[in-house]
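Just below is one structure, and these are the notes that go with it.
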Amino acid sequence: MSTLFFQRVKHIIKRIPKGRVATYGQIAELAGNHRAARQVAWILHSSSEKERLPWHRVVNSQGEISLKPKQGYEVQKALLKKESIEFDQDGRLDLNQYLWKPSVAKWYTEL
DNA sequence: AACCTGACTTCGG
DNA sequence: TCCGAAGCCAGGT
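First residue of the first sequence? That's 6 in this note's numbering, and the numbers climb one at a time after it.
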């Protein structure tokens with residue numbers, strides 16, 4: 006599918022800086038639909054490879070990796086560690102430290 | 001059309 | 001802090 010919402014989501018994800026992360030809900034909100042967190046996940050699942058998206062920089066609202074072990078969890082964690090992001094013993098990262106805080110105004114004007 | 005299934009989130013207890 | 005339930009929305013059957 007290729008709605009404006011989908012385009013915005015991809016556009017936004019591509020802009021997450023190295024060493025920072027964004028949450029599903031945050032991306033949904035930036036794209037104009039605060040209730041579409043699950044759709045953001047769906048977009049990642051379906052087209053992160055095709056669109057060359059930095060999918061590993063997207064985590065859930067608790068600062069955890071949502072992927073299941075052997076389903077990509079280890080890969081994502083490794084990619085984030087490579088960007089100097091650290092995890093605690095429970096596999097969580099500190100959102101206060103790593104959460105991306107973009108200046109919101111521009112997204113609507115760029116697309 | 002109905003029903004199920006998610007790489008989700010928020011709220012209450 | 002840790003579940004469970006409910007809300008959400010698109011795709012697959």
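All residues carry an ideal CB built from backbone N, CA and C; glycine is no exception.
Burial of Gln31 is indicated by the presence of at least 16 other C-beta atoms within 10 angstroms of its C-beta.
With contacts defined as CB atoms closer than 7 Å, Trp60 and Leu72 fail to qualify as a contacting pair. Separation of Lys86 and Phe10 (C-alpha to C-alpha, rounded to the nearest whole angstrom) is 30 Å. With fewer than 16 other CB atoms across the displayed protein chains lying within 10 angstroms of its CB, Lys23 is exposed.
One thing to note: Gly68 has its Cβ within 7 Å of the Cβ of Leu100.
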